[in-house]
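> Which chain is which? The protein sequence lines are A and B, in order.
For the first sequence, position 82 matches number 82 in the working numbering, and the numbering has no gaps at all.
For the second sequence, position 16 matches number 16 in the working numbering, and the numbering has no gaps at all.
My questions all concern the structure below.
Number of protein chains: 2
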Amino acid sequence: MNELANPPESVIEDEQPKTLAEAAYRQLRRDIIEGLHRPGDKLRVEHLKDQYEVGAGTLREALQLLVTDALVVAQGQRGFRVAPISLDDFEDITRTRVLLETSALQQSIELGDDAWEASVVAAFHLLSRAEDKLGDGGKCSREEWEQRNRAFHEVLIAACPSRWIRHFQNILYHQSERYRRLSLFRQPIPRDVHAEHQAIVDAALARNTAEATRILTDHIMRTLEAVKRLPEELISR
Amino acid sequence: MNELANPPESVIEDEQPKTLAEAAYRQLRRDIIEGLHRPGDKLRVEHLKDQYEVGAGTLREALQLLVTDALVVAQGQRGFRVAPISLDDFEDITRTRVLLETSALQQSIELGDDAWEASVVAAFHLLSRAEDKLGDGGKCSREEWEQRNRAFHEVLIAACPSRWIRHFQNILYHQSERYRRLSLFRQPIPRDVHAEHQAIVDAALARNTAEATRILTDHIMRTLEAVKRLPEELISR
DNA sequence: ATAGACAAAAATCTCGAGAAAAAGTATTGA
DNA sequence: TCAATACTTTTTCTCGAGATTTTTGTCTAT
C-alpha cells in the first residue's frame, strides 16, 4: 500500500537518466566540472538549449538541479552563472570535507562488517590498477581514475549510517573535483597518492581509528596545499 | 567589468521573492514545514498549480527548489513527494547538526569580535521577549518564536567563516524544524529552553569553548529525546 | 477467487511562443 | 568630453497545449 520502501537515496549517479532534464543535468555537470563552462560564466538558457538539444524549460530545470549541487548559482531575475571559485572557497570546502569525512570514517570503521572490508579492498584494487595503467601510458583515462578515486572515498565511508553526512560529503566531493582538475592539469600525479591510499586502507582494516583519520586528514589537506601552489590566474574568477 | 562582487550567499530568506517561482517555493516550504502537506504525500503539479496560482512549469521549478532543501524528493518519472520523516532520520539530522554546529560555534567563539558579541546578546534578548509574551497568553505567535529561535542559533555561529558549514547547518535546521513542530504541538515548551540558551550565551561570551559546545550539544540532543517520547503514529510515514 | 492482460484515465514531462525584465546602444544636451 | 535619457536588443520568466509514461480499472481465463 505504502510504496516508500526504496526512497531514491539522493540524486546521485545510480541508474541512467530517466528524464531529459536529468540527462542535460548530468552532461552540464560534467562540462562544468571539466571546466568547459568556466567559473563565473553566464549560462544563457537560449544558447544552451540548442547546445544540449532540449527545450528552454527543460534546460532551466537542469540548471536548477545544479543549484542543488552548488555548482551553479541563480540570481533573482538575472539568470544563472557557474559558481565562482576561489582559494578561500576551496580551503573552506577542504576543511569542511575533513570534518565530515573523518567523522564518517570513524563510524565506518566502528560499524563496518566483513562485506565493508571486502568492498574497501576491492575499490582500492581498482584504483591501483587505474594508477598503473595511467602511468603506463594512457591505457586508462584520467576520467576513469577520477571515477575510481571517487568510488574509493565513497566506499571508505559507506558503513557510516548517517545519510546526511554522506549526502553533504558527496556535494563537497564534487565541488573539490573542480579544483583538483586544475591541480592535476599541471602536475600529473605529483604526490605519492597511492601510498597514502594504501596507508588509509591498512589503518581502516586494522580498525585503527585514530591513525586512519589522521592519514585521511593529511591526504585531503595535501590537495589543498597543491592547489595553493598553483599560479593565481588559474583560480582567478 | 566583472560584477561578481556580491554573489548571492545562498537561497536563504533575505529579501522578498523576485520571481513567481520563488514566491511559490516559500509558500510551499512553509506549508510543508507546518505540516499542511504531510510527509510522504504526493505533490501533484496539476492540483497544486491552481492552489498556488501559478503555471505548471513555474510550480515545477518551485518543487525543484524544495528538492535542494531536501524537503521534497523527486522520483524519476513519477513526480514529487514530500520527503518522508522517521525517527532514524531525525536522529541522523540531530547528530549531524551537533557535529556541524559545535564546530561552527568553536570557530565563532574563537574569531567573533565585539559586534558578534553584541548581535548574540541582541538575538538572545529578542528570543527571551518572545518567550515572555508566549507564556503571557498568546501575545506572540509560535511563528514568531520559531523565527527568533532560528535567528539566535544563526547569529551564534555567524562568526564562523565557513560558508559551507553554515549552509549545511541551515538545511538541517529547516529539516529539524519539521520535527520540532510535532514536539511543540504536544508539550508547549516543556523544558527550560530559556535557561539553556542563557547558559550558551554566558559560555560563549566568556569564550569558554568547551563549556559552550557541551551545553549546545545537550541543548540540541534534548530535542531529539523529546521527539523520541512522542507517540509513534505522529512520526509514522 | 486469483492472476494476467488489455484498455482507459491521470499525471508527468516537454516544447515553443508571448510577456516582463535587464542589458546594451545611440542620441541629445550641457 | 561627459552624463543622462530614450530606444533597441537580448535574455529571462511565465503560460498553456501536446506527447509519453505511469497508474487505475475492467475483463477474461485458469
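Heads up, the beta-carbon is just placed ideally off N, CA and C, and yes, glycines get one too.
All values reported here derive from a predicted model rather than from experimental measurement.
On the DSSP bridge assignment, give the partners of Lys133 of chain A in chain order.
For Lys133 of chain A, which the question treats as bridged, DSSP gives no partner whatsoever.
> Check whether the Cβ atoms of His197 of chain A and Tyr173 of chain A lie closer than 8 Å to each other.
no
> Gly35 of chain A to Val227 of chain B, Cα distance in whole Å?
46 Å
> Let's test the definition: count the other Cβ atoms within 10 Å of the Cβ of Pro7 of chain B and tell me whether it reaches 16, buried, or not, exposed.
Only weak support exists for where Pro7 of chain B lies, its pLDDT of 34 falling under 50; the value from the coordinates is given anyway. In summary, Pro7 of chain B is exposed, with fewer than 16 beta-carbon neighbours lying within 10 Å of its beta-carbon over all protein chains present.
> Taking 8 Å as the CB-CB limit, is Arg29 of chain A close to chain B?
Arg29 of chain A does not count as touching chain B.
> Ignore the nearest five residues each way along the sequence and tell me which others in Ala203 of chain B's own chain have a CB closer than 7 Å to its CB.
Spatial neighbours of Ala203 of chain B in its own chain (CB-CB distance under 7 Å, excluding positions within 5 residues in sequence) are listed in chain order as Glu211, Ala212, Ile215.
> Counting only Cβ-Cβ distances shorter than 9 Å, please list the residues of the stretch 138-166 of chain B near chain A, keeping chain order.
Those residues of the stretch 138-166 of chain B placed with their C-beta closer than 9 Å to a C-beta in chain A are Pro161, Ser162, Arg163, Trp164, Ile165, ordered along the chain.
> So Thr19 of chain B contacts chain A; which residues on that side make the cut at Cβ distance below 8 Å?
Gly76, Gln77, listed in chain order.
> Which bits of chain B does Gln106 of chain A rub up against, with CB to CB less than 8 Å?
Within chain B, no residue comes near Gln106 of chain A; the closest Cβ sits about 11 Å away, beyond 8 Å.
> What does Val121 of chain A reach in chain B if we use C-beta pairs closer than 9 Å?
Ordered by position in chain B, no residue passes the 9 Å Cβ test against Val121 of chain A, which lies about 27 Å from the chain.
> Can you tell me the Cα-Cα spacing of Pro39 of chain A and Met221 of chain A, whole angstroms?
Rounded to whole angstroms, the gap between the alpha carbons of Pro39 of chain A and Met221 of chain A is 23 Å.
> Quick one, which of A:Ile171, A:Asn170, A:Thr102 has its alpha-carbon nearest Asp218 of chain A's?
A:Thr102
> Using the rule of at least 16 other Cβ atoms within 10 Å of the residue's Cβ for burial, across every protein chain shown, is Gln75 of chain B buried or exposed?
exposed
> Where Phe146 of chain B and His37 of chain B are concerned, what is the direct C-alpha to C-alpha distance, given to the nearest angstrom?
Note on residue identity: the sequence assigns Glu, not Phe, to residue 146 of chain B. Approximately 19 Å between the Cα atoms of the pair.
> Between the beta-carbon of Ile33 of chain B and the beta-carbon of Arg181 of chain B, is there less than 8 Å?
yes
> So which residues of chain B does Thr96 of chain A contact, with C-beta pairs closer than 7 Å?
Ser162, Trp164, Ile165
> Quick check: the Cα distance between Val238 of chain B and Arg150 of chain A, rounded to an integer number of angstroms?
Shown here, chain B extends from 1 to 237; a query on residue 238 of chain B therefore has no answer.
> Quick one: Cα of Ala104 of chain B to Cα of Pro161 of chain A, how far?
23 Å
> Would you report the Cα separation of Val201 of chain A and Val98 of chain A, rounded to the nearest angstrom?
17 Å
> Can you pull the chain A residues whose beta carbon is under 7 Å from the beta carbon of Phe168 of chain B, in chain order?
Phe168
> Give the secondary structure of Ala195 of chain A by DSSP, where H, G and I count as helix, E and B as strand, and everything else as coil.
helix
> For Val54 of chain A, collect the residues of the same chain with a Cβ closer than 6 Å to its Cβ; drop the 5 residues on either side in sequence, then sort them by chain order.
Excluding residues within five positions, the ones whose Cβ falls inside 6 Å are Leu20, Ala24.
> Taking Val82 of chain B as part of the beta strand (DSSP E), name the residues at either end of that continuous run.
80-82
> Can you tell me whether His167 of chain B is buried or exposed? The criterion is at least 16 other CB atoms within 10 Å of its CB, across all chains shown.
Flag for His167 of chain B reads buried.
> Given that a residue counts as buried once 16 or more other Cβ atoms are within 10 Å of its Cβ, and exposed if not, what is Ala159 of chain A?
buried
> For a quick check, are the C-beta atoms of Ile93 of chain A and Ser183 of chain A less than 8 Å apart?
no
> Consider the Cβ of Asp192 of chain A: report whether some Cβ of chain B lies at a distance smaller than 8 Å.
Output row for Asp192 of chain A: interface = no.
> May I have the straight-line CA-CA distance separating Asn2 of chain B from Val121 of chain A, to the nearest angstrom?
Bear in mind that a pLDDT of 34 at Asn2 of chain B, under 50, signals an unreliable position, so the number given afterwards is only what the model happens to contain. Whole-angstrom Cα-Cα distance: 48 Å.
> With 16 as the cutoff for other CB atoms within 10 Å, does Arg78 of chain B come out buried or exposed?
In the assembly as shown, Arg78 of chain B is an exposed residue. Its beta-carbon has fewer than 16 other beta-carbons within 10 Å.
> Using only alpha-carbon positions, find the residue among A:Ala195, A:Arg148, A:Leu134 that is nearest to Leu126 of chain A.
A:Arg148
> Can you find a C-beta in chain B that's less than 8 Å from the C-beta of Met1 of chain A?
Annotation note: pLDDT 34 at Met1 of chain A (below 50); position unreliable, coordinate value reported separately. Answer no: the Cβ-Cβ gap between Met1 of chain A and chain B never drops below 8 Å.
> So which residues on chain A does Ile93 of chain B lean against when the C-beta distance must stay under 7 Å?
By Cβ distance, chain A contributes Trp164.
> Which whole-angstrom value is the C-beta distance of Val72 of chain A and Val82 of chain A, which I expect to be below 8 Å?
6 Å
> Mind pulling the beta strand (DSSP E) runs of 3 or more residues that sit fully within the stretch 17-94 of chain B?
72-74, 80-82
> Does the beta carbon of Gln16 of chain A sit closer than 8 Å to a beta carbon anywhere in chain B?
no
> Examine chain B for any beta-carbon lying closer than 8 Å to the beta-carbon of Ala5 of chain A, and answer yes or no.
Per-residue confidence for Ala5 of chain A stands at a pLDDT of 32, beneath the threshold of 50, marking its modelled position as unreliable; the derived number appears in the next sentence. Not an interface residue.
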